[in-house]
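What follows is one structure encoded as structure tokens, with my remarks underneath.
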Amino acid sequence: MGQGTNIGRVRGLGSAKHGSHHWIMQRLTALGNLALTLWLLFSVLILPNYEHETLAAWLSQFSVAVPMIIMLISVFWHIRLGMQVMLEDYVPDTALRIIALTLLNFYAAGGAIFGIFTVAKLAFTGVAS
Amino acid sequence: MSNKKQRPLSPHLSIYRWGPAMLVSIINRIVGNALATVGTLLLLWWLYAIANGPEQLDYLKSWLDFYYIGYIVLIGLTWSFFQHLFGGIRHLVMDVGAGFELKSNNFWSLMTFVAAFTCTALLWFYIFTNMLEA
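Protein chains in written order, with this note's numbering: chain A, 1 to 129; chain B, 1 to 134.
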């Protein structure tokens, strides 16, 4: 890219009709986060106490584990998109930016999978002994 | 890019006069990143502790009382959460094309701060009064 005429460069870099995908997913995950984090807040607030037994029983329920897993996906997806934009804006050095974006992807995927596995394991097999 | 000649740069933060819209936008990024790093790591730690027994949860809780650092972090994260929430709602409203007039834009920008501080104060007032009763 970049060796040909201007029109050639434009053709090579032009619309693939998915330019708004990132932007739209940022908004959709924002709506997901809005609903799911408020659910988490009130779901925790109405608990009678915060002893381990209560929390483990609460988190093991289908009606808590499932929204929690969906929230983790929505949150970490939103984090990946949001921090990507931030890094693209503030890390001008290309090599550094690619490294930072790679680490961000590892963090987002790793964090989500860690959380999902933790919740699923508790729900399926109970508290680890 | 083959065009190596000096291109004009767009003016950056330092050149603008500060206003509510600029402040709320920048704060939204800062608190978003705080939530994305400290907030999610704490959430994952909390989930891990619940799944791995009372000792793990006690260990997590022990950090709350470590010179009140836990409370300072949690209150900071609560404010970050509400600020990002209301700042985010503001962006969603502006995404549909509303609220760009100067007066209403400034007003709702300031309102995100009022709402975030109010919600943070109410939530922690609720938490602390419950802790005193217990």
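Yeah, the Cβ is synthetic: ideal placement off N, Cα and C, and Gly gets one too.
The segment 86-96 of chain B contacting the segment 106-117 of chain B, beta-carbon criterion three pairs below 8 Å: The answer is yes - the segment 106-117 of chain B touches the segment 86-96 of chain B, with three or more Cβ pairs under 8 Å.
In the segment 35-63 of chain B, which residues sit with their C-beta less than 7 Å from some C-beta in chain A, listed in chain order? Within the segment 35-63 of chain B, the residues whose Cβ lies closer than 7 Å to some Cβ of chain A are 36, 40, 44, 47, 48, 50, 51, 52, 53, 54, 57, listed in chain order.
If we ignore side chains and look at the alpha-carbon of each, how far apart do residue 95(B) and residue 125(A) end up? When only Cα atoms are considered, residue 95(B) and residue 125(A) end up about 44 Å apart.
Which class does residue 67(A) belong to by DSSP, given the choice of helix, strand or coil? Helix at residue 67(A).
Are the segment 113-122 of chain A and the segment 67-82 of chain B in contact at 8 Å, needing three or more beta carbon pairs? Cβ pair count under 8 Å is below three, so no.
Please decide whether residue 94(A) counts as near chain B, where near means a Cβ-Cβ distance under 8 Å. No, no contact with chain B.
Could you list the residues in the segment 83-114 of chain A with a C-beta less than 7 Å from some C-beta on chain B, going in chain order? Within the segment 83-114 of chain A, the residues whose Cβ lies closer than 7 Å to any Cβ of chain B are, in chain order, 83, 86, 111, 114.
Contact defined as beta carbons within less than 8 Å: I believe residue 84(B) pairs with residue 38(B). What is the distance between those atoms, to the nearest angstrom? 13 Å between Cβ atoms; not a contact.
Under the three-state reduction of DSSP, which class applies to residue 101(B): helix, strand or coil? If DSSP states are grouped into helix, strand and coil, residue 101(B) belongs with coil.
Under DSSP, the alpha helix (DSSP H) around residue 69(B) begins and ends at which residues? Residue range 69-95 is occupied by the alpha helix (DSSP H) that includes residue 69(B).
For residue 77(B), go through chain A and note every residue whose CB falls closer than 8 Å to its CB, in chain order. Within 8 Å Cβ-Cβ: nothing; residue 77(B) doesn't reach chain A, min ~12 Å.
Are the C-beta atoms of residue 122(A) and some chain B residue less than 8 Å apart? Yes, residue 122(A) lies at the interface with chain B (some Cβ there is under 8 Å from its Cβ).
From 69(A), 75(A), 39(A), pick the residue whose C-alpha is nearest to that of residue 27(A); which is it? That would be 75(A), whose Cα lies nearest to the Cα of residue 27(A).
With a 10 Å radius around its C-beta and 16 neighbouring C-beta atoms as the bar for buried, classify residue 9(B) as buried or exposed. Burial call: exposed.
Exposed unless 16 or more other CB atoms sit within 10 angstroms - verdict on residue 22(A): Burial state of residue 22(A) is exposed, judged by a 10 Å Cβ sphere holding fewer than 16 other Cβ atoms.
What number of angstroms, rounded off, separates the C-alpha of residue 57(B) from the C-alpha of residue 52(A)? One C-alpha to the other measures close to 7 Å.
Using 8 Å as the limit for Cβ to Cβ distance, is residue 88(B) near chain A? It does: the Cβ of residue 88(B) has a partner Cβ on chain A nearer than 8 Å.
Run the CB neighbour count on residue 54(A), radius 10 Å, all protein chains shown included, and call it buried at 16 or more, exposed below. When all chains shown are included, residue 54(A) counts as exposed.
Would you mind working out which of 133(B), 127(B), 134(B), 132(B) sits nearest residue 45(A), comparing C-alpha positions? Just measuring C-alpha positions, the residue of 133(B), 127(B), 134(B), 132(B) sitting nearest residue 45(A) is 127(B).
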